[in-house]
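**Q** The structure's right below; bear with me while I get my questions together.
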Amino acid sequence: MKPILLILATVLMMACGAGSSTTPAYKLLSAEPGDFGKMSLYVELPSEVSEADLELIAKGLKEEYDGYDRTYIFYMLPGMERNKGAWATSHFTPELKVEIMGITAAERDAATAKPSADAVKDSLASAKVLGHWYEQQMTRMGFMLLEKDHKLFLRISSDVGVIMDREVARTVKQGVTRLDPVELDPNGEYYVIEKSGELGLYSPERRFALAKKVN
């Protein structure tokens, strides 16, 4: 059974910002030629860029690696792991097609917004923030550990707003903090604040995602 957060993540919207005429900075991670005129390029971006910027990068790489019928370019953000999906792609097959699967910086900021008493009343607006994370690759969601009235809540948000507030129970063992939903999760999911400070998202079988700390 797929983790519920991966199922929820499929409803997220994708968007892109305005481009520029200057190719943005990037790092080529690997160039992997394949059979039948195929080239796969893996690129790391320092942060999210627009679709127009991806086109500039793609055309520059296509000129550099000329002579291939099909060129597949995968864009990763810092901390992303190979073989778990890319933030965006720009493939020549042979015409260029750019696709952003992840979300933009503005959407990320919306997904990690702190509780607010504005607009709709937020019952956790006065809660103390104990931790704040964002997972870009698998779920594209923000996670915030809140404390109010001696209870702990894990707020899970996307760019469209709060998805759910889960009351959690905290267990600390050997420097690792485990957070289990008080109302048992039907998929057996739980969360772990790793020794690195990152938030691990776990199913009973494995850790399926790792959320980075938000400053």
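Everything in the sequence shown is counted per the working numbering, starting at 39 for the first residue and increasing by one.
Even glycine gets a Cβ: it sits at the ideal position worked out from N, Cα and C.
Note that the coordinates shown come from a computational prediction; the quantities given were computed from them, not determined experimentally.
1. If you reduce the DSSP assignment to three classes, tell me which class residue 201 lands in.
2. Any idea if residue 146 is buried or exposed, counting beta-carbon neighbours within 10 angstroms, 16 or more meaning buried?
3. For residue 63, which of 115, 76, 171, 70 has the nearest alpha-carbon?
4. Check each candidate in 90, 102, 203, 187 and name the one with the smallest Cα separation from residue 79.
5. Using alpha carbons as the reference points, say which of 148, 183, 149, 171 lies closest to residue 165.
6. Report yes if the C-beta distance between residue 150 and residue 180 is below 8 Å; otherwise report no.
7. Three or more C-beta pairs under 8 Å: does that hold for the region 193-201 against the region 216-226?
8. When you compare each of 190, 231, 171 to residue 250 by their alpha carbons, which one comes out closest?
9. Measuring straight from C-alpha to C-alpha, what distance separates residue 246 and residue 66?
10. Classify residue 161: buried if its beta carbon has 16 or more other beta carbons within 10 angstroms, exposed otherwise.
11. Kindly provide the ranges of any alpha helix (DSSP H) runs that are 4 or more residues long and lie completely inside the region 67-133, ordered along the chain.
12. Taking all protein chains shown into account, do 16 or more other C-beta atoms lie within 10 angstroms of the C-beta of residue 235, making it buried, or fewer, making it exposed?
13. Using a Cβ cut-off of 8 Å (strictly closer), state whether residue 234 contacts chain D.
14. Which value, in whole angstroms, describes the spacing of the CA atoms of residue 242 and residue 227?
15. Let me know if residue 157 comes out buried or exposed under the rule of 16 or more other beta-carbons within 10 Å of its beta-carbon.
16. Between 85, 99, 208, which has its C-alpha nearest residue 142's C-alpha?
17. Do residue 238 and residue 178 have their beta-carbon atoms positioned less than 8 Å apart in this structure?
18. Within its chain, find whatever has a CB closer than 6 Å to the CB of residue 87; leave out the 5 residues flanking it on each side and keep chain order.
19. Can you check which of these residues, 107, 244, 91, is closest to residue 83 by C-alpha distance?
20. Considering only the alpha carbon of each residue, which of 194, 212, 207, 223 lies closest to residue 152?
21. When we look at the beta-carbon of residue 109 and count the other beta-carbons within 10 Å, is it buried (16 or more) or exposed?
22. Using the Cβ count rule (16 or more neighbours within 10 Å means buried), how would you classify residue 204?
**A** Walking through what the data contain:
1. Note: residue 201 maps to strand in three-state DSSP.
2. Its Cβ being crowded by 16 or more others within 10 Å, residue 146 is buried.
3. It is 115.
4. Here the closest residue by C-alpha is 102.
5. Among 148, 183, 149, 171, the Cα nearest to that of residue 165 belongs to 183.
6. Against a cut-off of 8 Å, the Cβ pair of residue 180 and residue 150 comes out as a contact.
7. Using a Cβ-Cβ distance cut-off of 8 Å, the region 193-201 and the region 216-226 are not in contact, since fewer than three pairs of beta carbons, one from each stretch, lie closer than that value.
8. Residue 250 has its Cα closest to that of 171, out of 190, 231, 171.
9. Taking the straight line from one Cα to the other gives about 26 Å.
10. The residue in question, residue 161, is exposed, as its Cβ has fewer than 16 Cβ neighbours within 10 Å.
11. Segments of the alpha helix (DSSP H) lying fully in the region 67-133: 89-102.
12. Exposed, since its Cβ has fewer than 16 Cβ neighbours within 10 Å.
13. No chain D appears in the structure shown, which is made up of a single protein chain.
14. As the crow flies, the alpha-carbon of residue 242 is around 6 Å from that of residue 227.
15. Any reading at residue 157 needs caution, since the residue's pLDDT is 47, under 50, leaving its predicted position unreliable; the model's value is listed next. In the assembly as shown, residue 157 is an exposed residue. Its beta-carbon has fewer than 16 other beta-carbons within 10 Å.
16. Nearest in C-alpha terms to residue 142, of all of 85, 99, 208, is 85.
17. A distance of 8 Å or more separates the beta carbons of residue 178 and residue 238.
18. Taken in chain order, the residues that qualify are 62.
19. For residue 83, the nearest C-alpha among the options comes from 91.
20. It is 194 whose Cα lies nearest to the Cα of residue 152.
21. That one is buried.
22. By the 10 Å Cβ count, residue 204 comes out buried.
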